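Comments concern the structure below.
Residue numbers (the working numbering): 3 to 80.
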């Protein structure tokens with residue numbers, strides 16, 4: 003299984019959690035954590051958001067170099 007390359011929000015979310023911008027009580031509550039990170043993302047200035055989009059583009063380019071035959075094909079279990 004080859005994982006999909008991360009998008010801008012996923013990279014931002016990972017960085018947000020690693021840099022410990024939230025208390026440990028909130029960190030264990032994933033619902034609250036997701037709301038906080040989502041609101042933070044929505045309120046980011048466009049130039050800061052563009053930084054994350056550039057990182058996502060670089061991750062996508064790297065993913066394409068590593069896995070040139072990769073194509074996203076979701077498995078439907080129904």
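For every residue, glycine included, the Cβ atom is placed at its ideal position computed from N, Cα and C.
Every value quoted in this text rests on a predicted model; they were computed, and no experiment measured them.
Asked	Found
Reference residue 38, options 5, 3, 19 and 4, closest by Cα	19
Sufficient close CB pairs (3 or more, under 8 Å) joining the stretch 4-23 to the stretch 54-71	yes
Whether residue 43 touches residue 69 by CB criterion (8 Å)	no
Local conformation of residue 41 per DSSP, three classes	helix
Endpoints, the alpha helix (DSSP H) within which residue 46 is located	Per DSSP, residue 46 belongs to no alpha helix (DSSP H) and is neither H nor E.
Alpha-carbon spacing of residue 61 relative to residue 79, whole angstroms	29 Å
Residue range of the alpha helix (DSSP H) that includes residue 13	10-20
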